[in-house]
Each structure stands twice: as C-alpha cells, then as structure tokens.
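A.B. asks: Numbering (UniProt numbering), first residue to last: 1 to 199.
1) Residue 236 to residue 106, Cα distance in whole Å?
2) In this structure, how does DSSP classify residue 54 when only helix, strand and coil are distinguished?
3) Assuming residue 142 contacts residue 194 (C-beta within less than 8 Å), just tell me the rounded distance between them.
4) I'd like to confirm the pairing. Which residues does DSSP put opposite residue 47 in its beta bridges?
5) Can you check which of these residues, 34, 12, 16 and 50, is closest to residue 208 by C-alpha distance?
6) So, using beta-carbon positions, are residue 197 and residue 165 closer together than 8 Å?
7) Comparing C-alpha positions only, which one of 83, 68 and 33 sits nearest to residue 46?
8) Less than 8 Å separating the beta-carbons of residue 56 and residue 43?
9) Do you know offhand how far residue 99's Cα is from residue 3's?
10) Taking the Cβ atom as the reference point for each residue, do residue 5 and residue 73 lie within a distance shorter than 8 Å?
11) Write down every uninterrupted run of the alpha helix (DSSP H) in the stretch 65-93 whose length is 4 residues or greater and which is fully enclosed by it, in chain order.
12) Using a Cβ-Cβ cut-off of 7 Å (strictly less than) and excluding sequence neighbours within five positions of residue 86, which residues of its own chain qualify?
13) Inspect the beta-carbon positions of residue 110 and residue 118 and report whether they are closer than 8 Å.
14) Between residue 103 and the rest of its own chain, which residues show a CB-CB distance below 7 Å, the 5 nearest in sequence each way excluded?
15) Straight-line CA distance for residue 35 to residue 126?
16) Measure the alpha-carbon distance for residue 187 versus residue 78 and round it to whole angstroms.
17) From residue 191 to residue 128, what distance separates their C-alpha atoms?
18) Assuming residue 22 is part of the alpha helix (DSSP H), what are its boundary residues?
19) Pick helix, strand or coil for residue 163, following the three-state DSSP scheme.
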C-alpha cells in the first residue's frame with residue numbers, strides 16, 4: 001500500500017487510508033512531550049514585557065511552588081504549563097494552555113488552567129476599570145476554590161526574580177510522564193472529581 005493517501009477531500013478517504021494515517025501519526029504523537037519542552041525552552045528567551053522574569057521563569061516558579069506545597073504531578077505540570085499558550089494566543093492563553101494539557105490530566109486540573117485568566121483579574125482588573133470579581137460567575141462551580149487557590153498560591157506570586165526555582169530539567173520527567181499517558185483515558189480524566197491542590 002502507498003504511504004500517501006489518494007484522496008484530496010477527506011470525505012473520499014477509505015478505511016484503509018484512514019488506518020494508514022492513524023499509523024503514520026503515532027510517531028508524531030509520541031513526540032508531544034518533546035514539542036512542549038521545546039516551547040518551554042524557547043520561552044527562556046522571552047521576557048514578559050514589563051515584568052522582571054521570563055515566561056519560562058514564571059512557569060518554573062509556579063511549578064516549584066506547587067511541588068513544594070505537596071501537589072501531585074498533574075498540578076505541578078499544570079502550574080508549569082498554565083501559560084504555555086501565551087506566545088500564540090495572549091488574549092485567550094488560558095484556554096489554549098488548557099487544551100494542550102486537557103487530554104492528559106484530570107478534568108479539574110484542565111478546568112483550573114482554562115479559567116485562571118478570569119480568576120487572576122481579582123489582582124489587577126480594578127486598575128483598568130474592569131470587574132475584578134468577574135470570577136464570581138463561577139462561584140457555584142465545584143472547581144471555584146481550586147482555581148482561586150491555584151492563582152493565589154502558585155500563579156500571582158511567581159514573578160520574583162530572586163525566587164529559587166527548580167530548573168526545567170527537574171520537571172522534564174514529569175512532563176514526559178504526563179504526555180506519555182493515553183489521551184482522554186477515563187481513569188486519568190476522572191470527570192467530575194475535584195482533587196486537592198497539595199498537602
């Protein structure tokens with residue numbers, strides 16, 4: 001069988017062609033962690049304009065704080081990657097970052113990353129004349145307290161150039177473990193379960 005499909009419109013593909021595409025995609029999927037880590041390394045050279053730290057340092061600080069709080073691997077990797085979407089989608093980086101991790105972490109962890117942007121407004125929105133309590137629309141959501149704590153303990157506090165962050169090499173095995181999981185495995189996603197942030 002050819003290693004290239006014959007169709008030019010998806011609707012014309014055969015079962016055999018789609019099985020071929022699935023098989024050809026497997027090596028690419030196995031390299032997801034490599035691509036995520038490469039994006040993090042790139043962020044080492046991107047200063048958050050006006051801030052005292054790089055994009056990578058902010059993620060490292062957040063993840064280090066999470067680990068030191070006794071958080072499990074899902075929360076630590078989420079803290080590391082919560083802003084990974086900033087480079088391509090600054091206006092909706094929270095949602096983009098959540099989509100990067102969503103297939104591989106618990107449901108509540110992805111929800112927190114997806115909504116951390118609006119929860120962070122508590123700290124600064126009033127300076128722009130915006131509603132700093134916009135997060136209150138989620139007050140009855142089971143992940144509200146988790147998101148508030150994530151922002152307070154790990155995100156908003158992680159812009160300190162003197163903080164003793166752990167290096168990316170420390171977190172690399174965790175990233176590889178999380179992205180090595182089967183995508184959307186029910187035993188990982190645990191829809192509806194709300195997990196503690198740390199000890």
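In this text, a Cβ means the ideal position worked out from N, Cα and C, and glycines have one as well.
C.D. replies: Well, looking at it:
1) Here the chain comprises residues numbered 1 to 199, so residue 236 is not present and cannot be evaluated.
2) Residue 54 carries a strand assignment under DSSP once its states are collapsed to helix, strand and coil.
3) For a cut-off of 8 Å, the C-beta gap from residue 142 to residue 194 is around 5 Å, short enough to register as a contact.
4) BP columns for residue 47 point to 54.
5) Residue 208 lies beyond the residue range present for the chain, which begins at 1 and ends at 199; the question has no answer from this structure.
6) No.
7) Closest in C-alpha terms to residue 46, from the list 83, 68 and 33, comes 83.
8) Taking 8 Å as the Cβ cut-off, residue 56 and residue 43 qualify as a contacting pair.
9) When rounded, the distance between both Cα atoms is 30 Å.
10) The Cβ atoms of residue 5 and residue 73 do not sit closer than 8 Å to each other.
11) For the stretch 65-93, whole alpha helix (DSSP H) runs of length 4 or above, ordered along the chain, are 73-81.
12) Answer for residue 86: 55 and 93, listed in chain order.
13) Between residue 110 and residue 118, the CB-CB gap reaches or exceeds 8 Å.
14) Once the five neighbours on either side are set aside, the close Cβ partners of residue 103 are 183 and 184.
15) Going by the C-alpha atoms only, they are around 37 Å apart.
16) If I take the Cα positions, the gap works out to 18 Å.
17) Here the C-alpha atom of residue 191 lies approximately 36 Å from the C-alpha atom of residue 128.
18) Here the alpha helix (DSSP H) through residue 22 covers 15-30.
19) Note: residue 163 maps to coil in three-state DSSP.
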